[in-house]
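Trainee:
In our numbering, the protein residues as written are 3 to 195.
1. I believe residue 51 touches residue 72 by the beta-carbon criterion, under 8 Å. Please report the beta-carbon distance rounded to the nearest angstrom.
2. Output the boundary residues of the alpha helix (DSSP H) element that contains residue 130.
3. As a quick exercise: from 4, 61, 36 and 164, pick the residue whose alpha carbon is nearest that of residue 107.
4. Rounded to whole angstroms, what is the Cα-Cα separation between residue 129 and residue 138?
5. Quick one: complete beta strand (DSSP E) runs, 3+ long, within the stretch 91 to 173?
6. What is the DSSP secondary structure of residue 80, reduced to helix, strand or coil?
7. With DSSP as the reference, label residue 75 as helix, strand or coil.
8. Kindly indicate which three-state DSSP category residue 46 falls into: helix, strand or coil?
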């Protein structure tokens, strides 16, 4: 094979995959697309992004890069790999087997080697069921909407405020009576159920 033919083959192969600068992201359709610039003067619009099932993200475009693949070597049939932005909030220093999901403001969900799951949020952690918030955790406390069932002991290290009745066994805190009631400073008997 002569030099020119080998060079042409080499150049054709090189263009199958290129690193490109992300210039815009459209996340409104059935699939996310990106506008990219690969080679100088080579700008492409609406290149579909191949995200794995069950995962979605929108990269901050300032500093974002991706790899663009020409499927079958056809420059008219491009596909972009999920973009990255190493300049924004990248989480590093993970141990082998650990994983983290993070966003541009530093919120993280860590899967730390099978020992713990840790969630770092900026202002609020909301758990929704059927579109409604049933648990909200903030820096000042936690709020649960709905019934709470606990199988085990409950320890309260501060004041407990209850807006309704409290029942222990069959004894109502609001409506119970006492036996052996005496006038004066005597002690009454136990609550009556």
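Even for Gly, the Cβ is constructed at its ideal location relative to N, Cα and C. Here the structure is a predicted model, which means the values were calculated and not measured.
Mentor: Taking the geometry as given:
1. That pair is no contact at about 15 Å.
2. Segment 126 to 131 is the beta strand (DSSP E) holding residue 130; no alpha helix (DSSP H) there.
3. 61
4. 6 Å
5. 101 to 104, 110 to 114, 118 to 122, 126 to 131, 134 to 140 and 143 to 146
6. strand
7. helix
8. strand
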